[in-house]
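Following: one structure in structure tokens, then a few remarks.
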DNA sequence: ACAGAACTATGATCTATATCACAAAAGACG
DNA sequence: CGTCTTTTGTGATATAGATCATAGTTCTGT
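Protein chains in written order, with this note's numbering: chain A, 1 to 229; chain B, 1001 to 1229.
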């Protein structure tokens, strides 16, 4: 983790919708209670179970949110910046309920939790934007959960690939930012099943694979697979 | 649905933490934009896909939040009052992203969405309480998701029974508020599997079943099953 | 009280995907 | 450059739980 330290929220070009609505005085409060950090691929941003007094704002890169389950670690979601993560630590206990790890080189701003709370209390529009953002996340996660539960592995993998292409990279060709084992944790499958299913999609000509690079050549077909489960 | 209509938020004894922090003027705003309703068992409170301009506050009873998946309806969570439901409709589109159905006779207050938003904007403490509540829900749902995914059916059923006993009824003996088919939608299993697994728990002497009534006689053992999956 | 619907019970079979076992390939690093 | 670790590929086997089929039971409305 590299620490650029001091940041300037006023001139920051990757501000969240929430920060957009702050006034000058509030930006000053934020600025003096905010520190930047840079993470390399696979570096842990925060760890489940650890005490914290910060909320993280992911500015660039890609982050996985993951949590220990009864039998293994599971990736709850992939977070594309810009996005706040770890907001639930505003709750009393201040213990991270999940881990966050960079999947690509990632820049993060840490905001002191009490400052975040102060801004919520002071500025209703800020609070409103935060609520919107959490609600959006909530709905997305509901959908993802249902899909994970009800689709079988082909559909879940197709979903993941389409998500990476459409939402994360906005390109039909991209380098997989996760190992197949991670991908398994994300779509709830074993590494072996991921390998086999990827192989199947490749054999059927729906995707091209060159090392880490994946190219979705038949997105319509992938979407159909995603639909049918 | 029976409509008591006019409610008085000032004297309401089942106020949320959020409403607790409102001042007199805000309570007046709330009161004039709030209507009560009573639902019978299995009555729909709101329907996924329908347009709405209200947020619901469940005062008493028990509610299931459920949503259509690719292959079937799934119960996302059981909501024990008091609790707001449907907050995500504060997002632009105002379309319910899931359904809510009463599992027991249930009383609900509907709050006009714009009023809810006004209160968030006006009163930072209200906003803060709302955020706390959503965050709490979020964490609970993460845990539930991971458990659903990683545990097998015995563990999932044990979880559900312990949840009903400990969180909902606060008693080791209770009448199942869901059919076995619903229970299947809740723990992601078929009705047949629920029947068999319940039968198994009964045969093993961990629970007693008399019609709809269930009595957890070996909670420690159930907890062990829940842990081991 | 009775007919129709909804719910519960249980056995027989099938299947998607986990597990296990091993090997090859690709990265990491002294 | 070679060793060590991590990642990927692939077959053989096992299994939890779905699906199918059939009946009995309880609820609901008239």
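Idealized CB from N, CA, C, for every residue including glycine.
Of the candidates A:73, A:26 and A:24, A:73 places its Cα closest to the Cα of residue 189 of chain A. If you look at residue 1219 of chain B, you'll find it in the alpha helix (DSSP H) that goes 1219 to 1228. Assignment of residue 1135 of chain B by DSSP, reduced to helix, strand and coil, places it in the helix class. Judged by DSSP secondary structure, residue 1186 of chain B falls within the alpha helix (DSSP H) whose first and last residues are 1180 to 1187. Counting other Cβ atoms within 10 Å of its Cβ, residue 1089 of chain B reaches 16 or more and is therefore classed as buried. Secondary structure of residue 1088 of chain B (DSSP, three-state): helix. Among the CB atoms of chain B, none fall inside 8 Å of the CB of residue 194 of chain A. Straight through space, the alpha carbons of residue 1070 of chain B and residue 151 of chain A are spaced by roughly 7 Å. In the assembly as shown, residue 156 of chain A is a buried residue. Its beta-carbon has 16 or more other beta-carbons within 10 Å. In this structure, DSSP gives residue 78 of chain A an extended state, which the three-state scheme calls strand.
With a threshold of 16 other beta carbon atoms within 10 Å, residue 1095 of chain B falls short and is exposed.
A straight-line Cα-Cα distance of about 43 Å links residue 1078 of chain B and residue 208 of chain A. Residue environment: residue 1008 of chain B is assigned as exposed (fewer than 16 neighbouring CB atoms within 10 Å of its CB, all protein chains considered).
Here the C-alpha atom of residue 1148 of chain B lies approximately 44 Å from the C-alpha atom of residue 28 of chain A.
With respect to the C-alpha of residue 1174 of chain B, the residue from B:1216, B:1138 and B:1014 having the closest C-alpha is B:1216. For a cut-off of 8 Å, the C-beta gap from residue 51 of chain A to residue 1142 of chain B is around 19 Å, too long to register as a contact.
Here DSSP, grouped into helix, strand and coil, assigns residue 153 of chain A to helix. Between residue 1138 of chain B and chain A, the shortest Cβ-Cβ separation is below 8 Å. Following the DSSP letters along the chain, one finds residue 1046 of chain B inside the beta strand (DSSP E) bounded by residues 1044 to 1046. Taking one beta carbon from each stretch, the region 160 to 171 of chain A and the region 120 to 138 of chain A have fewer than 3 pairs nearer than 8 Å; the two do not touch. In this chain, the alpha helix (DSSP H) harbouring residue 1030 of chain B covers 1024 to 1031. Between residue 188 of chain A and chain B, the shortest Cβ-Cβ separation is below 8 Å. Sixteen is the threshold: when 16 or more other Cβ atoms of the shown chains lie within 10 Å of the Cβ of residue 159 of chain A, as they do, the residue is buried. Using a CB distance below 9 Å, no part of the region 1033 to 1061 of chain B faces chain A. Residues of chain B with a Cβ closer than 9 Å to the Cβ of residue 71 of chain A are, in chain order, 1150, 1151 and 1229.
Rounded to whole angstroms, the separation of the alpha carbons of residue 6 of chain A and residue 193 of chain A is 45 Å.
From the listed residues A:68, A:33 and A:202, the smallest Cα separation to residue 47 of chain A is found for A:68. The Cβ neighbour count for residue 1014 of chain B, taken over all protein chains shown within 10 Å, is under 16; the residue is labelled exposed. One finds 1120, 1121, 1122, 1123, 1124 and 1127 in chain B with Cβ atoms closer than 8 Å to the Cβ of residue 124 of chain A, taken in chain order. For residue 1074 of chain B, the nearest beta carbon of chain A is closer than 8 Å to its own beta carbon. Within chain B, not a single residue places a beta-carbon under 9 Å from that of residue 207 of chain A; the smallest gap is close to 21 Å. 87, 88 and 90: these are the residues of the region 79 to 90 of chain A whose beta carbon lies less than 8 Å from some beta carbon of chain B, given in chain order. Shown here, residue 1206 of chain B sits in coil according to DSSP, grouped into three states, outside any helix or strand.
No Cβ of chain B is located within less than 8 Å of the beta carbon of residue 96 of chain A. In the DSSP assignment, residue 62 of chain A falls within the unbroken beta strand (DSSP E) covering 54 to 68. For residue 114 of chain A, the uninterrupted alpha helix (DSSP H) segment begins and ends at 113 to 122.
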